[in-house]
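Asks: Okay, handing you the structure first.
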Amino acid sequence: MTIASMQGVVKRYSSDIALDYVDLDIQEGEIIGLLGPNGAGKTTLIQTLTGMTPFERGKVELFGQSKNPFSIQNKERMGLVTQEITVFEELTARENLHFFAGVYGLKGEEKKRRVEEALEFVGLGDKGAKMPTKFSGGMKRRLNIACALTHQPRFLIMDEPTVGIDPQSRNYILETVKKLRENGTTILYTTHYMEEVQAIATRVVIMDQGQIIKEGTVEELIKTVQHEEKMKIDVTDADSVPINDLEKIAGVKKVVLSGSQITIISAVGSGNLDRILTLVKEYTGVLGIQADKPNLEDVFLTLTGKQLRDKGEE
Amino acid sequence: MTIFKFALKRSFSNTTNLIFLTLFPIACIFLPNGEDWPFLPYGYQYFGILILFVGIRLATIILEDREKGVVKRLAVAPISHFQYLSQNLLAYSVILILQCILVVFGGVLYGQELYQPGWLLFLFVSFSFASLAIALAWISIYRKKDVSFLVYMSLIFIVIILGGLMIPIEIFPDLLKRIAIIFPTFWLAEGLNWIVFGENILDFLLINGVLWLYTIIFIIIGSTRKIY
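One line per chain: the protein sequences are Z and U, in this order.
Residue numbering for the first sequence follows UniProt numbering, beginning at 1 and increasing consecutively.
Residue numbering for the second sequence follows UniProt numbering, beginning at 1 and increasing consecutively.
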């Protein structure tokens, strides 16, 4: 069953196009990893899909309804985990959950039970009486997720839910997402951490400049770049290296400069390593060389010529 | 009524709000009479100033929700912008009405000369609603609560002084007297004078009518901005 669908959706902010004829189908039981750099249009896509932002052209369908997709009935079946930690700091963790459960119409004993279940689910079962101000970043993130779970949504949208937390908490959240799927929730998970998508997504959708530029399973996407090799060269002064000359070397497909690192994508078996190194060494000192197996980052790099995250970005 | 219930809870959740909402109104009851002016005890002349600050403190909770992004969740939840706003405003109105009751009937019990306590309560309630509506309209143009509160505090002092709540308006030059009419504080000050000297009930109803007009206009302005 199709849970959510967007067909030819266009959204502009004055002259900037945020969604450029986006087509997307989300099937029941999927974890869609929506991958893209900052400004790719991920958040706009979410806002459009949830009815927060009107769109200019196209069609949005939720739970099979296209006439009134953002009806109260459909909203009751959806949940949103926001990018910001959107909990009330003046209320305890349990009170926060009671608030959101109440907003979704839960009452009495059922509400109490669902609140306790949600707290347990995110590993905060014994922290219900504490104020979020006493929580670590990871715990706040988990509470942020729990607030969207009390009404047991069929379709959960998670907008970069792991920003700014430690690896341990991140792993906990990723495990939680997998458990949610096992319990029957369909998830749209946006991030710019390709490792997360690689770990949990059943299907990956790559966005850039408001367009969906590729989609498929992780394996399918990686296969598309297996005819390529990636080499990363750490140098002392990357700015002095003539990128144009590197791009002219036979077999070189793409050259990306990021901080003091040059990433070069070449066709498999092009045997151009010597020539590349010789050229680089003419202009700067080489600190290290690294060759990686292709991953989603490479798929993204190949498709857009950009990296998912800037160097130094968390 | 989840939003209403939690709006009440959140209003009393920090120390500053507790002081504004409980200790200050109680203090108003015990302030003495002035020699020549004001005609009511000081606490009742200045209670209007407190109402203005309580109004902005309470309305700032809505701005805080917008600033933090909490309202994004609510935008996706099965409640409308109207439900969110009306339940919050209802909670704040209940708090303001209770404050007015506490101050007026507290004063009666303490033995303050309040002339017409019933009408005084009515006047304070009308002014409370106007204050809340103005605060709602004010926060609708801001994204940051600190900036909003600071600018409001600065401007409101001018409104308090020019409206005749702190200094009798009779000592102002003619131009300022004419300008004062546009401030809701002027109508409160007029209402307080009526409580002591007024005879014609129509004058008092007109004063309250102007305050209700302010309420309606500013509620409309303040509620046009979406919650997210």
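We treat Cβ as the ideally placed atom computed from N, Cα and C, and that holds for glycine.
Model, not experiment: these values are computed from the prediction.
I'd like the ranges of any beta strand (DSSP E) spanning at least 3 consecutive residues and lying wholly in the stretch 218-265 of chain Z.
Replies: Qualifying beta strand (DSSP E) stretches, in chain order: 228-235 and 252-258.
Asks: Give the interface partners of Gln79(U) over in chain Z, defined as CB-CB distance under 7 Å, in chain order.
Replies: Position 79 of the second sequence, counted from the start, is the residue given in the question as residue 79(U). According to the sequence displayed, residue 79(U) carries Ile and not Gln. What Ile79(U) touches in chain Z: Val103.
Asks: Cα separation between Val163(Z) and Val252(Z)?
Replies: Start at 1 with the first residue of the first sequence, and residue 163(Z) comes out as number 163. Start at 1 with the first residue of the first sequence, and residue 252(Z) comes out as number 252. Near 34 Å, if we compare the C-alpha coordinates of Val252(Z) and Val163(Z).
Asks: Listed in chain order, which residues of the stretch 24-45 of chain U have Cβ atoms closer than 8 Å to some Cβ of chain Z?
Replies: Answer in chain order: no residues at all.
Asks: At the level of alpha carbons, what is the spacing between Gly312(Z) and Ser258(Z)?
Replies: As a position in the first sequence, residue 312(Z) is number 312, starting the count at 1. As a position in the first sequence, residue 258(Z) is number 258, starting the count at 1. Any reading at Gly312(Z) needs caution, since the residue's pLDDT is 45, under 50, leaving its predicted position unreliable; the model's value is listed next. Those two C-alpha atoms are separated by around 10 Å.
Asks: On a CA-only basis, which of Lys179(Z), Leu24(Z), Glu229(Z) and Glu56(Z) is nearest Ser14(Z)? Give me that one, please.
Replies: Against the first sequence, residue 14(Z) aligns to sequence position 14. Looking at the Cα atoms, Glu56(Z) is the closest of the given residues.
Asks: Terminal residues of the continuous alpha helix (DSSP H) containing Glu109(Z)?
Replies: Position 109 of the first sequence holds residue 109(Z). Its alpha helix (DSSP H) spans residues Gly108 to Phe121.
Asks: Below 7 Å CB to CB, which residues in the same chain sit around Val10(Z) once its five sequence neighbours on both sides are set aside?
Replies: Along the first sequence, read from residue 1 onward, the residue named residue 10(Z) stands at position 10. Within the same chain, Val10(Z) has close Cβ partners Leu19, Asp20, Tyr21, Phe55, Glu56, Arg57 and Gly58.
Asks: Is Phe197(U) helix, strand or coil when you go by DSSP?
Replies: The count along the second sequence starts at 1 and reaches residue 197(U) at position 197. In the structure shown, Phe197(U) sits in a helix (DSSP, three-state: H, G or I).
Asks: Apart from the five residues just before and just after Ala189(U), which ones in its own chain have a Cβ nearer than 7 Å to its Cβ?
Replies: Working through the second sequence from its first residue, we reach residue 189(U) at position 189. Here the set comprises Gly163, Gly164, Leu165 and Ile169.
Asks: For the beta strand (DSSP E) containing Ile145(Z), name the first residue and the last one.
Replies: As a first step, residue 145(Z) is located in the first sequence; it is residue number 145 there, counting from the start. Premise fails: Ile145(Z) lies in the alpha helix (DSSP H), Gly137 to Ala146, not in any beta strand (DSSP E).
Asks: In the DSSP assignment, the alpha helix (DSSP H) including Ile182(U) goes from what residue to what residue?
Replies: By one-based count along the second sequence, residue 182(U) stands at place 182. Here Ile182(U) belongs to no alpha helix (DSSP H), and DSSP marks it neither H nor E.
Asks: Is the Cβ of Glu313(Z) closer than 9 Å to any Cβ of chain U?
Replies: Locating residue 313(Z) in the first sequence gives position 313, counting from the first residue. Any answer about Glu313(Z) is weak, because its pLDDT of 47 lies below 50 and its placement is not dependable; what the coordinates show is given next. Taking Cβ atoms only, chain U never reaches closer than 9 Å to Glu313(Z), which makes this a no.
Asks: In the DSSP output, what is Leu4(Z) paired with across the bridge?
Replies: Within the first sequence, residue 4(Z) is the residue found at index 4, counting from 1. Rather than Leu, the amino acid found at residue 4(Z) in this sequence is Ala. Ile26(Z) and Leu62(Z).
Asks: Compute the distance between the beta-carbons of Thr48(Z) and Leu80(Z), then report whether it is under 9 Å.
Replies: Sequence index remark: in the first sequence, residue 48(Z) carries index 48 (1-based). Sequence index remark: in the first sequence, residue 80(Z) carries index 80 (1-based). Not closer than 9 Å, so no.
Asks: Taking all protein chains shown into account, do 16 or more other C-beta atoms lie within 10 angstroms of the C-beta of Ala250(Z), making it buried, or fewer, making it exposed?
Replies: The residue labelled residue 250(Z) in the question sits at position 250 within the first sequence. Burial call: exposed.
Asks: Are the C-beta of Arg73(U) and some C-beta of chain Z separated by less than 9 Å?
Replies: For the purposes of this step, residue 73(U) is identified with residue 73 of the second sequence, where counting begins at 1. Answer yes: the Cβ-Cβ gap between Arg73(U) and chain Z drops below 9 Å somewhere.
Asks: Taking any Cβ of chain U, which residues in the stretch 77-91 of chain Z have a Cβ under 9 Å from it, in chain order?
Replies: Flagged, chain order: Met78, Gly79, Leu80, Val81, Thr82, Gln83, Glu84, Ile85, Thr86, Val87, Phe88, Glu89, Glu90 and Leu91.
Asks: Taking 7 Å as the limit between beta carbons, can you name the residues of its chain near Leu63(U), skipping five residues before and five after?
Replies: Your numbering for residue 63(U) matches position 63 in the second sequence. Closer than 7 Å at Cβ, skipping near neighbours: Ile139, Tyr142, Lys145 and Ser148.
Asks: Hey, Ile195(U) and Leu114(U): beta-carbon distance below 9 Å or not?
Replies: Along the second sequence, read from residue 1 onward, the residue named residue 195(U) stands at position 195. Along the second sequence, read from residue 1 onward, the residue named residue 114(U) stands at position 114. Yes; because the gap between Cβ atoms is below 9 Å, this pair is in contact.
Asks: Run through chain Z and tell me which residues come within less than 9 Å of Gly69(U), C-beta to C-beta.
Replies: Against the second sequence, residue 69(U) aligns to sequence position 69. The contacting residues are Thr82, Gln83, Glu84, Ile85 and Thr86.
Asks: Looking at the secondary structure, which residues open and close the beta strand (DSSP E) in which Glu215(Z) lies?
Replies: If you number the first sequence from 1, residue 215(Z) lands on position 215. Glu215(Z) -> beta strand (DSSP E) spans Gln211 to Gly216.
Asks: Pull up the DSSP beta-bridge partners for Gly79(Z), would you.
Replies: For this step, residue 79(Z) is matched to residue 79 along the first sequence. Gly79(Z) is bridged to Leu156(Z).
Asks: Between which two residues does the alpha helix (DSSP H) holding Val151(U) run?
Replies: As a working mapping, residue 151(U) is identified with position 151 in the second sequence. Where Val151(U) is concerned, the enclosing alpha helix (DSSP H) stretches over Lys145 to Leu162.
Asks: Tell me the DSSP secondary structure of Tyr115(U) in three-state form.
Replies: For the purposes of this step, residue 115(U) is taken as residue 115 along the second sequence, with counting starting at 1. Of the three classes helix, strand and coil, the one that applies to Tyr115(U) here is coil, per DSSP.
Asks: Which chain U residues sit within Cβ distance under 9 Å of Lys75(Z)?
Replies: Numbered from its first residue, the first sequence carries residue 75(Z) at position 75. Within chain U, the residues near Lys75(Z) are Val76, Ala77, Pro78 and Ile79.
Asks: Just to confirm my understanding: we take His98(Z), look at its own chain, exclude 5 residues before and 5 after, and list those with CB closer than 7 Å. What are they?
Replies: Counting from one through the first sequence, the residue named residue 98(Z) turns up at place 98. Lys111 and Val115.
Asks: May I have the straight-line CA-CA distance separating Thr215(U) from Pro32(U), to the nearest angstrom?
Replies: Position 215 of the second sequence, counted from the first residue, corresponds to residue 215(U). Position 32 of the second sequence, counted from the first residue, corresponds to residue 32(U). Each residue's Cα considered, the two are about 31 Å apart.
Asks: Straight-line CA distance for Glu61(Z) to Ala4(Z)?
Replies: What you label residue 61(Z) is simply residue 61 of the first sequence in a count that begins at 1. What you label residue 4(Z) is simply residue 4 of the first sequence in a count that begins at 1. Cα to Cα, the separation comes out at about 6 Å.
Asks: By DSSP's criteria, Gln83(U) is part of a beta bridge. Which residues make up the other side?
Replies: Taking the first residue of the second sequence as 1, we reach residue 83(U) at position 83. Bridge partners of Gln83(U): none, in fact.
Asks: What residues in its chain sit with their C-beta under 7 Å from that of Gly34(U), if we drop five residues either side in the sequence?
Replies: The sequence position of residue 34(U) within the second sequence is 34, counting from 1. Correct list, in chain order: Tyr42.
Asks: Would you say Glu116(Z) lies against chain U (beta-carbon separation less than 9 Å)?
Replies: For the purposes of this step, residue 116(Z) is taken as residue 116 along the first sequence, with counting starting at 1. No, no contact with chain U.
Asks: Using a Cβ-Cβ cut-off of 9 Å, state whether Arg10(U) counts as contacting chain Z.
Replies: The residue labelled residue 10(U) in the question sits at position 10 within the second sequence. Yes, Arg10(U) counts as interfacial toward chain Z.
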